[in-house]
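Chemist:
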Amino acid sequence: MTDREAAVRLAAIEARSVSKVFTGFRQDSFRALDRVDVTIRENEFFTLLGPSGCGKTTLLRLIAGFDFPSEGEILLYGKDIAPLPPYKRPVNTVFQNYALFPHMTVAQNIAFGLEMLGKGREETAARVDEMLKLVRMEAMRDRRTSQISGGQQQRVALARALAPRPKVLLLDEPLSALDYKLRKEMQVELKRLQLETGITFVFVTHDQEEALTMSDRIAVMSAGRILQVGSPRDIYDRPSERFVADFIGETNFITGTVKGFAKGRAEVALPGGAVISASVPEGHRPAGTVTVVVRPEHADFTTTAKEAALRGRFDHAVFFGTDTHYHITLADGAPFILRLQNDTTDELPLTRGEAVMIRVAPGTAQVVRD
Amino acid sequence: MAEPFSIRRQPGFTTIAILCFALLYLPIATLVFYAFNAGISVAVWEGFSLRWFQEAMANERVQEAAWHSFIIATVAALVSTIVATMAALATTRTDPYPGLTFKYAFINQPLMVPEIVTAVALLIVFSRVKMWTGYTGLGYLMAAHTGFCIPFAYLPIRARLENMDLTLERAAADLYATPWATFRRVTLPLLWPGILAGMMLAFVISLDDVVITEFVKSAGQETLPTYMLGQLKRAVTPEMNAISTVFLLLSVVIVTVFFFINRKKT
Chain H
149 MTDREAAVRL AAIEARSVSK VFTGFRQDSF RALDRVDVTI RENEFFTLLG PSGCGKTTLL
209 RLIAGFDFPS EGEILLYGKD IAPLPPYKRP VNTVFQNYAL FPHMTVAQNI AFGLEMLGKG
269 REETAARVDE MLKLVRMEAM RDRRTSQISG GQQQRVALAR ALAPRPKVLL LDEPLSALDY
329 KLRKEMQVEL KRLQLETGIT FVFVTHDQEE ALTMSDRIAV MSAGRILQVG SPRDIYDRPS
389 ERFVADFIGE TNFITGTVKG FAKGRAEVAL PGGAVISASV PEGHRPAGTV TVVVRPEHAD
449 FTTTAKEAAL RGRFDHAVFF GTDTHYHITL ADGAPFILRL QNDTTDELPL TRGEAVMIRV
509 APGTAQVVRD
Chain R
847 MAEPFSIRRQ PGFTTIAILC FALLYLPIAT LVFYAFNAGI SVAVWEGFSL RWFQEAMANE
907 RVQEAAWHSF IIATVAALVS TIVATMAALA TTRTDPYPGL TFKYAFINQP LMVPEIVTAV
967 ALLIVFSRVK MWTGYTGLGY LMAAHTGFCI PFAYLPIRAR LENMDLTLER AAADLYATPW
1027 ATFRRVTLPL LWPGILAGMM LAFVISLDDV VITEFVKSAG QETLPTYMLG QLKRAVTPEM
1087 NAISTVFLLL SVVIVTVFFF INRKKT
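Chains as they are written, first to last, in the numbering used here: chain H, 149 to 518; chain R, 847 to 1112.
1) Since I believe residue 219/H is in contact with residue 167/H (beta carbons under 8 angstroms), could you give me their beta-carbon distance rounded to a whole number of angstroms?
2) Which residue from 315/H, 338/H, 500/H and 481/H puts its Cα closest to that of residue 189/H?
3) For residue 172/H, which residues in chain R fall below 7 angstroms Cβ to Cβ?
4) Only counting the same chain, and skipping five residues up and downstream in sequence, which positions put a Cβ closer than 6 angstroms to that of residue 489/H?
5) Compare the Cα-Cα distances from residue 1086/R to each of 879/R, 994/R and 851/R and report the closest residue.
6) Using Cβ-Cβ distances below 8 angstroms, what residues of the segment 263 to 282 of chain H are close to chain R?
7) In angstroms with no decimal places, state the Cα-to-Cα distance between residue 439/H and residue 341/H.
8) Which whole-angstrom value is the C-beta distance of residue 196/H and residue 392/H, which I expect to be below 8 angstroms?
9) Residues of chain H with CB under 9 angstroms from residue 950/R, in chain order?
10) If you draw a straight line from the C-alpha of residue 334/H to the C-alpha of residue 163/H, how long is it?
11) Measure the alpha-carbon distance for residue 962/R versus residue 1090/R and round it to whole angstroms.
12) If the criterion is Cβ atoms closer than 8 angstroms, does the pair residue 396/H and residue 418/H meet it?
13) Of all the options 939/R, 1105/R, 1016/R and 1094/R, which has the alpha carbon lying nearest to the alpha carbon of residue 235/H?
14) For residue 1024/R, go through chain H and note every residue whose CB falls closer than 7 angstroms to its CB, in chain order.
15) Return the CA-CA distance between residue 321/H and residue 354/H, expressed in angstroms with no decimal places.
16) Anything in the segment 208 to 228 of chain H with a Cβ closer than 8 angstroms to a Cβ of chain R? List those residues in chain order, please.
17) Residue 213/H and residue 179/H: beta carbons closer than 8 angstroms?
18) In chain H, which residues lie with their C-beta within 7 angstroms of the C-beta of residue 1020/R?
19) Let me see if you follow: with CB-CB separation under 8 angstroms, is residue 1027/R close to chain H or not?
20) Chain R partners of residue 178/H, CB-CB under 9 angstroms?
21) Tell me the DSSP secondary structure of residue 407/H in three-state form.
22) Run through chain H and tell me which residues come within less than 8 angstroms of residue 1011/R, C-beta to C-beta.
23) For residue 343/H, count neighbouring C-beta atoms within 10 Å of its own C-beta (all shown protein chains included) and say buried if the count is 16 or more, exposed if not.
24) Leaving out five residues before and five after residue 999/R in sequence, what residues of the same chain have Cβ atoms less than 7 angstroms from its Cβ?
25) What does the alpha-carbon distance come out to for the pair residue 429/H and residue 516/H?
26) Could you check how far apart the C-beta atoms of residue 308/H and residue 260/H are, in whole angstroms? I think they sit under 8 angstroms.
27) Tell me where the beta strand (DSSP E) around residue 240/H begins and ends.
28) Tell me which residues of the segment 390 to 410 of chain H have at least one Cβ-Cβ distance to chain R shorter than 7 angstroms, keeping chain order.
29) Since residue 507/H and residue 455/H should fall inside the 8 angstroms C-beta cutoff, what is the C-beta to C-beta distance between them, to a whole number of angstroms?
Take a look at the structure:
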């Protein structure tokens, strides 16, 4: 999708300066969300990613209507839904524990939302069949929800939430209770469902890998704020904050000094003296001492002094099957990890304490806000 | 020496256990045994007979007392269960606030205040009301029984509500169910075993009550327990044993049903 296409797409959900402060009996007040602005586009798979307590679930609950914002508004296709109770919002949720009704069968669970909307008997039955087929659970339709496995419960929860054709589907860490293999399967399944139904998905997770593989766009959250919104590639390759770079993937942080700045790129002097060109987050004007991020796979060893961006001493290597991580201590004492793919070459014959020179692939270094 | 402490290995444990069970159940066993006595004594066995059951059944005063007991217990169980259900919903479906613990204590007051205090208090209040209104029917007993049955109905319902997953109600609301529809379609069906348990407990407690009933009842109004108490002041016949045995059987049946309802699900 190009940027122009994205601009044409409607905004399904807009949060405008949304804050949520929890005050309660016998507890201190807690600011779970702090003036959050975010736009979620129609038909996209949008992920709220962050560690526990970052406010991602709170934001989801505000969209669902289980809680009301302390300040700000939440627009659904331009209409402020913040004051509406959950049953008046065309938005459905897949809960972390699935929350299937234990006194109903699989089919009755899926029919619940349709019945509550006052759909006719035939329409409901047809839709339930369609949903059972969509999540491949036709054989389980008359089972009790206690008689099916965790993965199957997950599918029923999805079918139940999708049956009323919500404008937006909210998913609250729905895969966290599944084991690794099933989780991988459900990731693919979720992506398929999103593409097939064309419904906007808002997915909450703390698992960065899950976020990277499934999302169209990701919002990285920390301490009640959204730090960065972008495509998985943007977030990974062009993190704007130290937190984002650290939370997603493995990263080397290097302290450098800005020597010049123009057109979104900075010339940064690294420890050891070499100067490299690093891109700078939009709107940021770096000066003085800055943090530069280099992903382990964007670095390589070199024997040419002219190419060397960094110098250090080799510590040890860790074998990972598809690749090997080389741990290095830089000239200023900071650790650095360099990742090389294990294609045909054997492990490099480096000895502990050996001086090495590191090359950084052009255009990959990134200045981040601290 | 690695054996963990076990109370069962302590000297005298078996003796105490047997003694406790004997003291609990031997009198009841004796009572049931002599209910089937053919003779007039509750201590001398003269052969097997159902005579005292027939006599109790035919006794018009027993019939009347049994009917009173039944109607009072039914009304008290129904009304107290409805009140207790509402109280349990109100005290669990809320964020904690100052005074909530006090409210628990307030609802459970009949469990803590000595029954005799409530009985005397009710006697004084109701005798005034009787004077003003002239009404002397069973209404006073029904009201009094409803009052002290509320905590017995409340406790199992609240326990059930506290164990219920709140996200189920949230899920219902998310799926377009209004608060009333959520209650009717999700909360009530899941709460039902707790409500039934509470109702049966309230029924048994009302059926069994002597103290408050004795103080509140108008002249000539007897429930089975107060009738039996009155009879004990005269010569005791195995008829009392027969009535008690029926009582026992009824309680065992209700408690068994209660047990199975509670064991199912959750």
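Just so it is clear, CB atoms sit at the ideal spot from N, CA and C, and this is done for glycine as well.
As the structure is a computational prediction, the values presented were derived from the model and not from experiment.
Modeler: Taking the geometry as given:
1) Numbered from its first residue, the first sequence carries residue 167/H at position 19. Numbered from its first residue, the first sequence carries residue 219/H at position 71. Residue 167/H to residue 219/H, Cβ: 4 angstroms. Contact.
2) In the first sequence, the residue the question calls residue 189/H occupies position 41. For residue 189/H, the nearest C-alpha among the options comes from 315/H.
3) The sequence position of residue 172/H within the first sequence is 24, counting from 1. Ordered by position in chain R, the residues that pass the 7 angstroms Cβ test against residue 172/H are 941.
4) Taking the first residue of the first sequence as position 1, residue 489/H is located at position 341. Closer than 6 angstroms at the Cβ level, and outside the excluded window around residue 489/H, lie 471.
5) Sequence index remark: in the second sequence, residue 1086/R carries index 240 (1-based). Selected option, being the one with the closest Cα: 879/R.
6) 264 and 265
7) On the first sequence, position 291 is the one that residue 439/H refers to. On the first sequence, position 193 is the one that residue 341/H refers to. Rounded to whole angstroms, residue 439/H to residue 341/H spans 40 angstroms at the Cα level.
8) As a first step, residue 196/H is located in the first sequence; it is residue number 48 there, counting from the start. As a first step, residue 392/H is located in the first sequence; it is residue number 244 there, counting from the start. About 13 angstroms separates the two Cβ atoms, so there is no contact after all.
9) Along the second sequence, read from residue 1 onward, the residue named residue 950/R stands at position 104. The premise fails here: residue 950/R is roughly 15 angstroms from chain H at the closest Cβ pair, so nothing lies under 9 angstroms.
10) One-based indexing of the first sequence puts residue 334/H at position 186. One-based indexing of the first sequence puts residue 163/H at position 15. Cα to Cα, the separation comes out at about 28 angstroms.
11) For the purposes of this step, residue 962/R is taken as the residue at position 116 of the second sequence. For the purposes of this step, residue 1090/R is taken as the residue at position 244 of the second sequence. Rounded to whole angstroms, residue 962/R to residue 1090/R spans 23 angstroms at the Cα level.
12) Position 248 of the first sequence, counted from the start, is the residue given in the question as residue 396/H. Position 270 of the first sequence, counted from the start, is the residue given in the question as residue 418/H. Taking 8 angstroms as the Cβ cut-off, residue 396/H and residue 418/H do not qualify as a contacting pair.
13) Along the first sequence, read from residue 1 onward, the residue named residue 235/H stands at position 87. The option with the nearest alpha carbon to residue 235/H is 1016/R.
14) Here residue 1024/R is taken as the residue at index 178 of the second sequence, counted from 1. Simply 235.
15) Start at 1 with the first residue of the first sequence, and residue 321/H comes out as number 173. Start at 1 with the first residue of the first sequence, and residue 354/H comes out as number 206. Looking at the two C-alpha atoms, the distance is approximately 8 angstroms.
16) 212, 213 and 214
17) In the first sequence, counting from the first residue as 1, residue 213/H sits at position 65. In the first sequence, counting from the first residue as 1, residue 179/H sits at position 31. Taking 8 angstroms as the Cβ cut-off, residue 213/H and residue 179/H do not qualify as a contacting pair.
18) Within the second sequence, residue 1020/R is the residue found at index 174, counting from 1. The contacting residues are 212, 234, 240 and 241.
19) Start at 1 with the first residue of the second sequence, and residue 1027/R comes out as number 181. Chain H contact via Cβ: present.
20) In the first sequence, the residue the question calls residue 178/H occupies position 30. Simply none; closest approach about 14 angstroms.
21) Taking the first residue of the first sequence as 1, we reach residue 407/H at position 259. The answer is strand: DSSP assigns residue 407/H an E or B state.
22) Here residue 1011/R is taken as the residue at index 165 of the second sequence, counted from 1. Under the 8 angstroms cutoff, chain H gives 245 and 247.
23) Looking up residue 343/H in the first sequence gives position 195. Per the 10 Å Cβ criterion, exposed.
24) Here the question's residue 999/R lines up with position 153 in the second sequence. Here the set comprises 926, 927, 930, 1044, 1045, 1047 and 1048.
25) Here residue 429/H refers to the residue found at position 281 when the first sequence is read from its first residue. Here residue 516/H refers to the residue found at position 368 when the first sequence is read from its first residue. Going by the C-alpha atoms only, they are around 7 angstroms apart.
26) On the first sequence, position 160 is the one that residue 308/H refers to. On the first sequence, position 112 is the one that residue 260/H refers to. Between residue 260/H and residue 308/H the Cβ distance is about 7 angstroms, and since that is below 8 angstroms, they are a contact.
27) As a working mapping, residue 240/H is identified with position 92 in the first sequence. Its beta strand (DSSP E) spans residues 239 to 242.
28) none
29) Locating residue 507/H in the first sequence gives position 359, counting from the first residue. Locating residue 455/H in the first sequence gives position 307, counting from the first residue. Sure, about 5 angstroms apart at Cβ, within 8 angstroms.
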